[in-house]
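Chain order of the listed sequences is A and U.
Sequential numbering from 793 applies to the first sequence in the numbering used here.
Sequential numbering from 1299 applies to the second sequence in the numbering used here.
Here the structure comes first, spelled out in structure tokens, and everything after it is commentary.
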Amino acid sequence: MGVNTIPSGWFLENAWLIALIPAIGFAAIIAFGKKLPMKGSEIGLASITASLVISVGAAVQWIQRTNFVDETTEGYVEPVIKTWTWWQSGGVEFGLGQHIDGLAVLLLLLVAFISLLVQIFSLEYLRGDRRYTHFFAALTLFSSGMLVMVLAENMVQIILGWELMGLCSFLLIGHWWEDGANSRAALKAFFTVRVGDVGLLVGTAIVFFGAHQWAVDNLDSHGFSVQAISAWALSGDASSSALLWGSVALFIAAIGKSGQFPLHTWLPDAMAGPTPVSSLLHSSTMVVAGVFLVARLYPLFWEGLSIGPGAINLIAIIGVITLIVAALLAFVQNDIKKVLAYSTVSQLGYMMLGLGTGAWLPAVFHIFTHAFFKCALFLCAGSVSHSGSHHSFDMKKDMGGLARKMPITAGTWIISTLALAGIFPLSGFFSKDEIIANVGYNGYNLFMWLAFLGAFMTAAYMARATYLTFFGTPRGAAAGEHHDEHHGDDAHGDDAHGDDAHGDDAHADAHAEHHGSHGPHESGPLILVPIVVLTFLASIAGFTNAVPFGENFEILKRYVEPRAEVVAIEDTRLTIAGGPGQSVGSLAPQAKYDDACGFAAPPEGTVCLFPAVSHAPFKWSKGFLALGIVGAGLVSSWLFSVALYTRRDRRLVGLTERFAPARWGYQFLWNKYYLDHLYEKVIVRAVAYPIAASAYWFNQKVLDRIVDTAGTSTRQAGEFVYRNIDQTLVDGAVNASGFVASETGHALQPVQSGKVNQYGALLFGAAAVAAIVLVIINV
Amino acid sequence: MEIMTNDNWLLTVGTFLPLVGVLVMLFIPKAEEQLLKTVAVITAGATLAVGILTLFRFDYGQAEKLQFFVDVTWIEVIRSNYTIGLDGISLPLYFLSMVVTFLVIIYTWDNMPDAGNPKSFLILMLVLQVGMAGTFVAQDLILFFVFFEVVLLPMYFMIGVWGGEHRQYASLKFFLYTMFGSAFMLVAFLALFFQTGAESFSFMHLVSAGGLISNEVQVWIFAGMFLGFAVKVPMFPFHTWLPDAHTQAPTQGSVILAAILLKLGTYGFVRIAIPMLPEGARAWAPVIAILAVIGIIYGALGCLAQTDMKRLIAFSSVAHMGFVMLGISTLTTLGINAALFGMVAHGLITGMLFFVAGSVKHRYHTLEISRLSGMLKQMPRMGWILGFAAMASLGLPGLAGFWGEFPAILAAYSPGFGLNVTLFRTLMVIAAVGTVLAAAYLLWLYQRTAFGEPSPEFSGQTPHPVGAGVNADHHADHHDEIRDVTPIEWIAWTPFLVAIVVFGVYPQLMFGVMDPAVSELVARLGESLNP
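Given below as structure tokens:
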């Protein structure tokens, strides 16, 4: 088969535009956004729309391409890879390009779509903000960063997108930087992720040097290429230590970015940013980047951490710890956005657990469904604060009973909550259950039960948040009270760190005139439409891979999961030589090969690009079990909330004060396991103050003192020489002082300032030293 | 090493053209400040034009060869020739020196340091440019040494006359410390000369003959060069002159110091010490690498301890040059490429940071971090530029700093020529941690100075509304007004900002020039070390 026989098409060939257009949009907004009628937001919207259109085109063409392969060879569907020279070293040229396969197409579509909705939401939500233009610029660049990473052809490009997102999260979280709490949160986010990035740098180095020679020899590629790394990892030639340490290091990066335990602490603080940022950050960009990294380089992790043979590995352990630990924290939050933040962390734990146990497709599926309902939930929270609680996010102080005032927001919230909890037939049911089922199917029984426990907790904390926000008696702003003068401090005064005072009160000023005069009401259409659209998708997205209904519903499995087929080497050969990027050629029909990719080395002349992951068959028994657990979580938490918050049941109210174990547990959770104390009060403080200060002390009092002393003693020596020798032997003095000066080097006293003519003496002295050295080394 | 003698007048003219301007300025009375500034700008502009012409005439297909080569007898007695040439390693630095000098002179138009006397100031700056350009084109050790030392005097006077409060101390320390290093360097040069048969000081001869010297002797000679270059870089523990010199120097001095002068040391390693003494380089590489990584961490910690913005930026140079030296010490193509890229990137970025620091000082009369706050509010553009430069400095991909840092860290994973892999990998991880600290001190600086509300002591000085007659008397007092970036500053800074983005987005522009020359250098190293 020739190059032309596999359908590719314009959109697939030019998918790199999807990332480039928003980047250009960013530059355009910065350059002249302020002068435009909509303050630059139109450029943001237009560029993201363009990206979405191309993404849709690419998705359609990818489906056609896959269908074609299915009708002919049923083999591996070649990704559309293109690359342009970006930099070079040692004559090897490294590229910037695109690697478009099912995973990339799915996420491109998702990111562009969610970004667009978030931007539409922001039009209204941030209207009148003092940095409206900058906000849209950063939001657009944020999307661009994620898109760059999603379609990255090589590791350096992944780092590029990764760090661009870090930058934008810094800008957006710190959007209202007048308030110290916001700028601290921005700093913390960037800094914590940066700690993980050490792993990214180190891991890239390990993998690059591990894979490079192999890639050059076999694929005519290089050690940064995603495809080459995948093939190398599964080739059986890879050194196991490079695989192990490379994957561990890269996973550390994913821990930082995707808010996994123990580096999850930045995520809740990141709520200091405007709500649209939180929703974008938590649904499809930034935090998903770490999960995406693992999914993208899955062969590396598969081999490096022995996921194939079913070993208990780092990813699975961190994932399961994260999902439990974060879910527990969600119970003690008063801030609606923080509940959602911890929920995101917990859901990311599910995704990591899935990836760590060989459930690649369910994890990716969960990225997909989670984006819809989590984005919808955040936007609902935004809607509540915008129109219902007077810019407060405190559920206990300023919410309650909002369902009657904001029926659409409440309805969409509830549907999205049920989707998150995993109620049939909403999307979370399918994706979460698939993860849990596969975790068990692949032999990780303990983890499966912990994941069920997580599902129970998810349902419970969401029921609590729903009750506090939309039901019960209205409180504070939700009851029409106004306390905008002090709610920023008041609402969060009981937080030990005071780090979550929202900047929204700054932004409240802009809205005071609109909303100050009347109580809670429903939000406007620009806010509601994105929420409704997202909620609708959150309801139906599960059917894209609804395993219970048979193969026809397993769309993602067919189009997104790479086929674990051996591929002849000529077909994966990249043109790294530069020039206009060339897409990669065709597939030769393969001889049937018995061993599965990822379990045995591919035969000579072929490579594997994806391991043969297993897929658990659906069992209704487990499905009902899950539904039962979720239902129990919802109901028990609801009853508890009613008893505690509305009926003020005496047995429950003040329990944490009366009963010591409950108090300790509550304190432990309230202080977020004291991790923030450890990081901020111990590690960061130690480095920033005593350690830095002592290094500087060493610098000034030891190193510099040596230099000064050398100078002083040289001068004294010079004076001594002058007094004692110059008086009698004038000629000798000149030589000697020069000689001494050159040996000790540097007199630093003002006395000598201006005596630059000692230059000559020094040179002379140096020549004398030269003579001595020459004598020494010639001996 | 092959040579090309095309357009061989270009380098001589490009190097010495500033002296013509100096000559003209000598005859202009001191009081004619505008005229003096005009002549200086024209001279630097003409020099830059020659530089641009050089860029166009350079044959990028043969970047590994010495181009525009000239070799004429100079001081026959000591067999030193006037040998100059340019290849892919020196071209970026040579051109950078011209650009920086030109822009710094433009900046001086509006921002003459308080001591006044633009005549001497500008003359010194032009002389400085001759020394810098000459160092990068010299292909003869004595010629190199002369240019290397020519740089010292103008900078000594710039700091000593136009500097801050402790300028006397700082300038003398700078001068003597560097001299101290130079003395050892000269010894090493002479030793190399005699050990290779006392035939010639030409680089080409020494590169081919140096490798034949016995290992032990190479190690000794390298030690001398190491001292000379390490002081200049500066490497830990020879860096203590740098914070003082940078902090006390006038803005122009700091910019040139950071952008070009420090690179003379690293350039010396790449151009002279390593190719001429391959065995010495191999023996010293672990030492250099360890000191480089200590410098990265130590410099970053020093930054965290600073209370003065300018001193913080100065300390960050120690950390950044640590990455450059780490790259060099790997003796690999990747590492040396990264180092060369890092030199230019550091020049642009840290130069930009010093510009901002200078302008902040000019407006607030202080650089005390605790007194500065809310800069973004008071001068949004200045605040954004500071943020941009800080992001570039911490190695954000897409901006130039990344391409000096990332490949250097990468290269340390797999050093060349049998260097101890365990050691270098450990150093790599520590260096990677250094990037976290870089983010910490830069963003912390940014958070404290740019974010938040302007501190009350300056908040009364926000820009006056245009045409507000009420403030007429206030307008007269120019110094107390906090203005945003001025047009002259924009002119001087824009090329820096653009270059940081352009090289960050498309690094191949520079890698493509350097890589052939570096590959050849490493290949030659390989011939000596793995025969």
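All residues carry an ideal CB built from backbone N, CA and C; glycine is no exception.
Residue i CB to nearest heavy atom of the ligand ATP below 8 angstroms
i, result
"Gly1414 (chain U)", "The ligand ATP is absent from the structure shown, which contains no ligand whatsoever."
Beta carbon proximity, residue i to chain A, threshold 9 angstroms
i, result
"Glu1751 (chain U)", "yes"
"Val1397 (chain U)", "no"
"Pro1814 (chain U)", "yes"
"Asn1828 (chain U)", "no"
"Leu1708 (chain U)", "yes"
"Trp1539 (chain U)", "yes"
"Ala1557 (chain U)", "no"
"Phe1700 (chain U)", "yes"
"Gly1716 (chain U)", "no"
"Ser1712 (chain U)", "yes"
"Thr1733 (chain U)", "yes"
CB of residue i within 9 angstroms of CB of residue j, strictly
i, j, result
"Pro1066 (chain A)", "Tyr917 (chain A)", "yes"
"Ile1099 (chain A)", "Thr1149 (chain A)", "yes"
"Ala1543 (chain U)", "Leu1562 (chain U)", "no"
"Val1622 (chain U)", "Gly1702 (chain U)", "yes"
"Val861 (chain A)", "Val869 (chain A)", "yes"
"Gly1620 (chain U)", "Ile1634 (chain U)", "no"
"Leu1147 (chain A)", "Ile1116 (chain A)", "no"
"Thr858 (chain A)", "Gly801 (chain A)", "no"
"Lys1328 (chain U)", "Leu1334 (chain U)", "yes"
Contact set for residue i: own chain, Cβ-Cβ below 8 angstroms, skip 5 residues either direction
i, result
"His1313 (chain A)", "Ser1179, Gly1180, Lys1197 and Met1198"
"Leu1120 (chain A)", "Met1249 and Leu1461"
"Gly817 (chain A)", "Ile835, Gly836, Ala838, Ser839, Ile840, Thr932 and Ser936"
"Ala929 (chain A)", "Phe818, Ile821, Ile822, Gly825, Gly832 and Gly836"
"Gly1038 (chain A)", "Gly995, Ile998, Val999, Gly1002, Leu1092 and Gly1096"
Chain U contact for residue i (CB, 9 angstroms cutoff)
i, result
"Ile951 (chain A)", "yes"
"Leu1085 (chain A)", "no"
"Asp989 (chain A)", "yes"
"Tyr924 (chain A)", "no"
"Ile1475 (chain A)", "no"
"Ala1064 (chain A)", "no"
"Asn1491 (chain A)", "yes"
Rounded distance between the beta-carbons of residue j and residue i, thought under 8 angstroms
i, j, result
"Gly1672 (chain U)", "Glu1755 (chain U)", "About 11 angstroms separates the two Cβ atoms, so there is no contact after all."
"Ile1558 (chain U)", "Leu1394 (chain U)", "7 angstroms"
"Leu1439 (chain U)", "Phe1487 (chain U)", "5 angstroms"
"Val1079 (chain A)", "Leu1059 (chain A)", "7 angstroms"
"Phe1402 (chain A)", "Tyr1090 (chain A)", "7 angstroms"
"Glu945 (chain A)", "Gly889 (chain A)", "4 angstroms"
"Ser1071 (chain A)", "Leu1260 (chain A)", "No, Ser1071 (chain A) and Leu1260 (chain A) are not in contact; Cβ-Cβ is about 20 angstroms, not under 8 angstroms."
"Gln1546 (chain U)", "Ser1500 (chain U)", "With 8 angstroms as the limit, Gln1546 (chain U) and Ser1500 (chain U) do not qualify as a contact, their Cβ atoms being about 38 angstroms apart."
"Phe1084 (chain A)", "Val942 (chain A)", "7 angstroms"
"Leu1140 (chain A)", "Phe1170 (chain A)", "That belief does not hold up - the Cβ atoms of Leu1140 (chain A) and Phe1170 (chain A) are roughly 15 angstroms apart, past 8 angstroms."
Own chain partners of residue i with C-beta closer than 6 angstroms, once the 5 adjacent residues on each side are dropped
i, result
"Val1816 (chain U)", "Thr1631, Ile1634 and Asn1635"
"Ala1507 (chain U)", "Thr1494"
"Gly1359 (chain U)", "none"
"Asn974 (chain A)", "Gly966, Trp968, Ala1064 and Gly1295"
"Ile1595 (chain U)", "Gly1732"
"Glu1511 (chain A)", "none"
Nonlocal neighbours in the same chain, by C-beta distance under 7 angstroms from residue i, ignoring five residues either side
i, result
"Val1445 (chain A)", "Leu1436"
"Val1531 (chain U)", "Leu1560, Gly1563, Thr1564, Met1619 and Met1623"
Would you mind listing the beta strand (DSSP E) stretches within the region 840-887 of chain A that are 3+ residues and don't spill past its ends, in chain order?
-> 872-881
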